[in-house]
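Engineer:
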Amino acid sequence: MLDFPALVRRHHEMVWRYLRLLGCDAAQSDDLTQETFLAVLQKPFEQRDDTSTAAYLRTVARHLFLMAVRAARCRPAFEDLDAADRVFERILADAAFIDALRECVEELPDPRTRRILDLRYGSGSSGAEIAARLELKEAHVNTLVARAKESLRACVEGKVGA
Amino acid sequence: MNDIESRAMDIALESAVRRRAELADRIIARARPRSWFAPAVAAACVTVAFSAVWLSGGSRGDAPPAVVRSLDDVLVLARTTGRVRGEGRFGDRELAALVERCPRLRELDVRG
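First to last, the sequence lines map onto chains A and B. Heads up: the first sequence at position 104 corresponds to 104 in the numbering used here, and the numbers run straight through without jumps. Take any residue in the second sequence, count from 1 to its spot, add 162: that is its number in the numbering used here.
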């Protein structure tokens, strides 16, 4: 029998990240993640291993995303969704990558960079808003974010060998 | 990094910085009532709630679409509708009176 709560807790963040990558904003991803799991509830599937379950959920999510695009609720971030799928597999599918990234953020030596990342990715503040709040130039904020992303990518690869 | 990889890193950072456990709770809570809750009862409760709002000065025509699964939902629905009309007079006391008139609403609370 389908253990729905366990299924949701295990995979909801993965589905959310997938929808974000395809082009949804955070709120749209929330909505379509819910719809993905409710669709699974209405038409249960045979759960095999974790990988095939995740692949099935992504198939459902992608179908719902394309329906949302047709209804003008979402806009694709990229023309080539298959290329996005491949990047997703490499970077976003594995929770270990996210856990390692979380560690890397905590290990950043510069507290100001951590603060900027928190404002950008935790609160959703724009570069201009962060610049005004921290009394920096917007271009400088954007440079710090870009550098941080590069160094975090290297840090994560060192931890998980991505 | 190309465009897709850069966006993927942004999303990974969103996930890393902000945990989304509350989303799982919402999905599970939203799914639970559907397995047992008869749509007809939900529809009846919405009708009763809309009527109560209308009687207290709101308008059924302004009511937002909603699925009612608990007494809290009824209260939110009624208050929202009242606010749309600038009334906002549907409070806890009105809700208690509504439950008195519609025992099925109490059933909602027990099961929800």
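Glycine included, each C-beta is placed from N, C-alpha and C at the ideal position. Remember, it's a predicted structure, so these values are computed and weren't measured experimentally.
Taking beta-carbon pairs under 7 Å, can you tell me which members of the region 24–36 of chain A lie near chain B?
Structural biologist: Listed by position along the chain: D30, T33, Q34.
Engineer: Kindly list the residues whose CB is nearer than 7 Å to the CB of A/R120, restricted to its own chain and excluding five residues on each side of it in sequence; keep chain order.
Structural biologist: If we look at A/R120 and ignore the five residues flanking it on each side, its Cβ neighbours are I130, V145.
Engineer: Measuring straight from C-alpha to C-alpha, what distance separates A/E138 and B/M171?
Structural biologist: When rounded, the distance between both Cα atoms is 20 Å.
Engineer: Taking the alpha-carbon of A/T113 as reference, which of A/T143, A/A95, A/A128 has the nearest alpha-carbon?
Structural biologist: Taking only the C-alpha atoms, the option nearest A/T113 is A/T143.
Engineer: When you compare the CB positions of A/Q34 and B/I189, do they come within less than 8 Å of one another, or not?
Structural biologist: The answer is yes: Cβ separation under 8 Å.
Engineer: Could you spell out where the alpha helix (DSSP H) holding A/Q42 opens and where it closes?
Structural biologist: Unbroken alpha helix (DSSP H) run through A/Q42: 26–42.
Engineer: Which one of A/R20, A/L2, A/A72 has the shortest CA to CA distance from A/Q42?
Structural biologist: Nearest option by C-alpha distance: A/L2.
Engineer: Only counting the same chain, and skipping five residues up and downstream in sequence, which positions put a Cβ closer than 6 Å to that of A/T53?
Structural biologist: For A/T53, where only same-chain residues beyond five positions count, the Cβ hits under 6 Å are Q47.
Engineer: For A/D85 and B/E167, I'd like the C-alpha separation in whole angstroms.
Structural biologist: Each residue's Cα considered, the two are about 11 Å apart.
Engineer: Considering Cα atoms alone, identify which of A/D31, A/L152, A/H11 is closest to A/E106.
Structural biologist: The shortest C-alpha separation from A/E106 is found at A/L152.
Engineer: Of the residues that make up the region 109–143 of chain A, which ones have a beta carbon closer than 7 Å to any beta carbon in chain B?
Structural biologist: Listed in sequence order: L117, D118, Y121, G122.
Engineer: Figure out for me which residue from A/C155, A/R20, A/I116 has the closest Cα to the Cα of A/C74.
Structural biologist: Among A/C155, A/R20, A/I116, the Cα nearest to that of A/C74 is on A/R20.
Engineer: Considering only their Cβ atoms, is the gap separating A/Y18 from A/L92 smaller than 8 Å?
Structural biologist: Yes, they are a contact pair.
Engineer: Would you give the residue range spanned by the alpha helix (DSSP H) that A/K137 belongs to?
Structural biologist: Taken as a continuous stretch (DSSP letters only), A/K137 belongs to no alpha helix (DSSP H), as it is neither H nor E.
Engineer: Please confirm whether A/L32 and A/F65 have their CB atoms less than 8 Å apart.
Structural biologist: It is a contact, given that the beta carbons lie within the stated cut-off.
Engineer: Please go through the same chain and pick out, in chain order, the residues whose beta-carbon is closer than 6 Å to the beta-carbon of B/S197, but skip the five residues on each side of it.
Structural biologist: Legend: pLDDT at B/S197 = 35, less than 50; position of this residue unreliable, value from coordinates given subsequently. So the list is empty, once near-sequence residues are dropped.
Engineer: Less than 8 Å between C-beta atoms, sequence neighbours within five positions excluded: which residues of the same chain meet that for A/H140?
Structural biologist: Cβ neighbours of A/H140 beyond the five flanking positions: A131.
Engineer: Report buried or exposed for A/F37, applying the criterion of at least 16 other Cβ atoms within 10 angstroms of its Cβ.
Structural biologist: A/F37 is buried by the Cβ-count criterion.
Engineer: Tell me the rounded alpha-carbon separation between A/P44 and B/S177.
Structural biologist: The straight-line gap from Cα to Cα measures roughly 27 Å.
Engineer: According to DSSP, simplified to helix, strand and coil, what is A/G23?
Structural biologist: A/G23 falls in the coil class under three-state DSSP.
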